[in-house]
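Only one structure is covered here, and it is reproduced in the block below.
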Amino acid sequence: MSVNANHSDRAKGALGLPLLFTPMRIRGMTLPNRLMLAPMSQYSAGRDGFAGDWHLVHLGKFALGGMGIVLTEATAVDPNGRLSYGDLGLWEDAQILGMRRITNFIRDQGVLSAVQLGHTGRKAGQQRPWEGKGALSPKEWERGETPFPTVGPTDEPAEPGYPAPHALEMHEIPALVHKFADAAARADAAGFDIVEIHAGHGYLIASFLSPVSNTRTDAYDGDRAGRMRLALEVACAMREKWPTRKPLFCRLSIVDGAENGWAIDDSVALASALGECGVDLIDCSAGGLKNSTVLANAARVPGYQVPLSAETRRRSSMPTASVGLILDAAHAEEILQKGEADLITIGRQALYDPFWALHARQQLSADPSFTGWGEQAAWWLSRRAAGLASLRMAPDGSSLHEP
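Okay, structure coming up:
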């Protein structure tokens, strides 16, 4: 693993920029800044899992908006591993071409593209959230969206009312691991710069990690090492198929929020072990095992998950990304300056403002040339700003006050 995160320099970067907009090198890739789009399912793929015009425009606007890394939604490694029939997939070669359109556009904007690969396990086959977010019902069956054959560490359903999953047998697990590795190879063929393993939120890998959901009595349970085994096998297999020069990330629920569940000590141990497999960064999230956990119902305040990233980073020495109601540029910069994360992951705030990254750069550095906006916009905006300044107005239209 080769990461130059400027750990010792918490002031301005080499270019005199805020740390948030200082480039960072991981393996053979240079991130133009420290901002990554969070993976947010759009439920807008066809039933074949192909990426279409929606995904090109949806993800492309964040590249135009200045994100350093544009990360896709969770993309299934198996058709039965989708959360819904609207999820993207990379389980077959035919899905590569649609993804390549997206990566080509993102690259043309000077931004890195990333794909999150996962399997939703016993949570697979749900309704789209605006249709109920529960198990598929007769309404969906009538349009051909019948339940997927779900799998898990045991036959315990993810939630009451969900179908009982098939408990994976020992001999079935290697084929599943290969599906992750094969999807990583397709991601490379599609032109992605980074792959992220989804090992959080109660999905398949996370359900093996938690002692609450994993009560097996074989080599994949028994103790923390056994419960970590699937995650490590997946990471090592993907690293073998994923080019050495390209970074490999892993999203973890640092705590699952369940009583006697997966805890931060476990995540620190797993993060270190993942690093030995060739994982370069831990994308720190939380929760998701069940809807009824204490964490699922806890109050959420700006930066509520930052301490998880900070402690994981400090104790494992692995670079981390932090997410969770990070709403403004000054807060994002503070997190980096304090060494609580190496990347900042922006999700719903980016949906609200796809140009959040560029607005953050203006907020922190007041760049009159609008560097980063692309010459198509910068030319117009710099002249607009000059005109507004003569009227004592800021670029956002607010009044400028005398010092």
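Okay, so the sequence shown: first residue is 1 according to full-length UniProt numbering, each after it adds one. Yeah, the Cβ is synthetic: ideal placement off N, Cα and C, and Gly gets one too. For clarity, every value in this text was computed on a predicted model and none was experimentally measured.
Beta carbon of Y220, beta carbon of L230: below 8 Å? Within the sequence shown, numbered from 1, the residue matching residue 220 stands at position 220. Within the sequence shown, numbered from 1, the residue matching residue 230 stands at position 230. Pairing Y220 with L230 gives a Cβ-Cβ distance under 8 Å.
Based on Cα-Cα distance, which residue from S113, G387, H166, S309 lies nearest to H55? Taking the first residue of the sequence shown as position 1, residue 55 is located at position 55. Measuring from the Cα of H55, the nearest candidate turns out to be S113.
Which same chain residues end up closer than 7 Å to residue 432 when comparing Cβ atoms and leaving out the 5 residues on each side of it in sequence? Missing from the structure shown is residue 432; the chain here goes from 1 to 403 and no further.
In whole angstroms, what is the alpha-carbon distance linking D93 and L37? On the sequence shown, residue 93 is found 93 positions in, with the first residue counted as 1. On the sequence shown, residue 37 is found 37 positions in, with the first residue counted as 1. Distance between the alpha carbons of D93 and L37: 25 Å.
Around the Cβ of W242, are there at least 16 other Cβ atoms within 10 angstroms (buried) or fewer (exposed)? Locating residue 242 in the sequence shown gives position 242, where the first residue counts as 1. It is buried - the Cβ of W242 has at least 16 other Cβ atoms within 10 Å.
Which of the three DSSP states, helix, strand or coil, is assigned to G387? Taking the sequence shown and counting its residues from 1, the one referred to as residue 387 is at position 387. DSSP places G387 in helix when its eight states are reduced to three.
Proximity of R245 and R27 at Cβ, strictly below 8 Å: In the sequence shown, counting from the first residue as 1, residue 245 sits at position 245. In the sequence shown, counting from the first residue as 1, residue 27 sits at position 27. Yes, they are a contact pair.
Out of G374, E334, L327, which has the shortest C-alpha to C-alpha gap to L351? Looking up residue 351 in the sequence shown gives position 351. Closest by alpha carbon: L327.
Enumerate in chain order the residues of its own chain whose CB-to-CB distance from Y203 is below 7 Å, with the five nearest sequence positions on each side excluded. Stepping through the sequence shown from its first residue, residue 203 is reached at position 203. G118, H119, T120, G121, K123, listed in sequence order.
Roughly how many whole angstroms lie between the Cα atoms of A184 and L281? Here residue 184 is taken as the residue at index 184 of the sequence shown, counted from 1. Here residue 281 is taken as the residue at index 281 of the sequence shown, counted from 1. Whole-angstrom Cα-Cα distance: 16 Å.
Is it the case that the stretch 67-82 contacts the stretch 366-386, given that we only count it when at least three CB pairs across the two stretches are under 8 Å? Touching, no, given that fewer than three Cβ pairs across the two stretches are closer than 8 Å.
What span of residues does the beta strand (DSSP E) with V70 cover, start to end? Counting from one through the sequence shown, the residue named residue 70 turns up at place 70. Here the beta strand (DSSP E) through V70 covers 69-76.
What beta strand (DSSP E) runs, 3 residues minimum, are completely inside the stretch 250-305? The stretch 250-305 contains these whole beta strand (DSSP E) runs: 281-285.
Looking only at DSSP bridge pairs, what is H198 linked to? Within the sequence shown, the letter at position 198 stands for residue 198. Answer is R251, bridged to H198.
Going along the chain, which residues of its own chain have a beta-carbon closer than 6 Å to the beta-carbon of G347, five neighbours each way excluded? The residue labelled residue 347 in the question sits at position 347 within the sequence shown. Closer than 6 Å at the Cβ level, and outside the excluded window around G347, lie A38, M40.
At the level of alpha carbons, what is the spacing between Q116 and E131? Position 116 of the sequence shown, counted from the start, is the residue given in the question as residue 116. Position 131 of the sequence shown, counted from the start, is the residue given in the question as residue 131. Their backbone Cα atoms lie some 24 Å apart in a straight line.
With E240 and V177 assumed to form a contact (beta carbons below 8 Å), what rounded beta-carbon distance in angstroms separates them? Your numbering for residue 240 matches position 240 in the sequence shown. Your numbering for residue 177 matches position 177 in the sequence shown. Not confirmed; about 11 Å, so no contact.
For the pair the stretch 333-340 and the stretch 301-315, tell me if three or more CB-CB distances fall below 8 Å. In the pairwise beta carbon analysis, the stretch 333-340 is classified as touching the stretch 301-315: at least three pairs are separated by under 8 Å.
Just curious, the alpha helix (DSSP H) that R361 is in, first and last residue? What you label residue 361 is simply residue 361 of the sequence shown in a count that begins at 1. 356-365 is the extent of the alpha helix (DSSP H) around R361.
Find the nearest neighbour of S253 within the set L59, A206, S213, E276, judged by alpha-carbon distance. What you label residue 253 is simply residue 253 of the sequence shown in a count that begins at 1. The shortest Cα separation from S253 among L59, A206, S213, E276 belongs to A206.
Could you tell me if W141 is buried or exposed, where buried requires 16 or more neighbouring beta carbons within 10 angstroms of its beta carbon? By 1-based counting over the sequence shown, the position of residue 141 is 141. Classification of W141: exposed, given that the 10 Å Cβ count is below 16.
Does the stretch 187-203 come close enough to the stretch 138-157 to have 3 or more Cβ pairs within less than 8 Å? Between the stretch 187-203 and the stretch 138-157 there are fewer than three inter-stretch CB-CB distances shorter than 8 Å, so the stretches are not counted as touching.
Among D283, P354, D218, which residue has its Cα nearest to the Cα of A199? As a first step, residue 199 is located in the sequence shown; it is residue number 199 there, counting from the start. With distances taken between Cα atoms, A199 lies closest to D283.
Which residue's Cα is closest to the Cα of D188: P165, S272, I96, E172? Along the sequence shown, read from residue 1 onward, the residue named residue 188 stands at position 188. The candidate whose alpha carbon is nearest that of D188 is I96.
Grab the span of the beta strand (DSSP E) containing S322 for me, first residue to last. Position 322 of the sequence shown, counting from 1, holds the residue named residue 322. In the DSSP assignment, S322 falls within the beta strand (DSSP E) that extends over 320-322.
Alpha carbon to alpha carbon, what distance is there between A235 and N6? Locating residue 6 in the sequence shown gives position 6, counting from the first residue. Locating residue 235 in the sequence shown gives position 235, counting from the first residue. In this prediction, N6 has a pLDDT of 44, which is less than 50 and means its spatial position is unreliable; what the coordinates show is noted afterwards. A235 has its alpha-carbon roughly 26 Å from the corresponding atom of N6.
Under the three-state DSSP convention, the category T312 falls into: Working through the sequence shown from its first residue, we reach residue 312 at position 312. DSSP places T312 in helix when its eight states are reduced to three.
Decide if P18 is buried, meaning its Cβ has at least 16 other Cβ atoms within 10 Å, or exposed. For the purposes of this step, residue 18 is taken as the residue at position 18 of the sequence shown. Buried, because 16 or more other Cβ atoms sit within 10 Å of the Cβ of P18.
Per-residue burial, Q376 [other beta carbons within 10 Å of its own, 16 or more giving buried]: Translated into positions along the sequence shown, residue 376 becomes position 376. Exposed is the call here.
Excluding sequence positions up to five away, which residues of its chain have a Cβ less than 6 Å from the Cβ of S8? As a working mapping, residue 8 is identified with position 8 in the sequence shown. Summary for S8: the model assigns pLDDT 37, below 50, so the residue's position carries little reliability, and this model does not support an answer.
Ends of the alpha helix (DSSP H) at Q349? Here residue 349 refers to the residue found at position 349 when the sequence shown is read from its first residue. Counting along the chain, the alpha helix (DSSP H) containing Q349 begins and ends at 348-352.
DSSP beta-bridge partners of V115: Reading the sequence shown from its first residue, position 115 is the one you call residue 115. According to DSSP, V115 bridges with V195.
Between A164 and P157, is the Cβ-Cβ spacing less than 8 Å? Counting from one through the sequence shown, the residue named residue 164 turns up at place 164. Counting from one through the sequence shown, the residue named residue 157 turns up at place 157. Yes, the pair counts as a contact, with Cβ atoms nearer than the cut-off.
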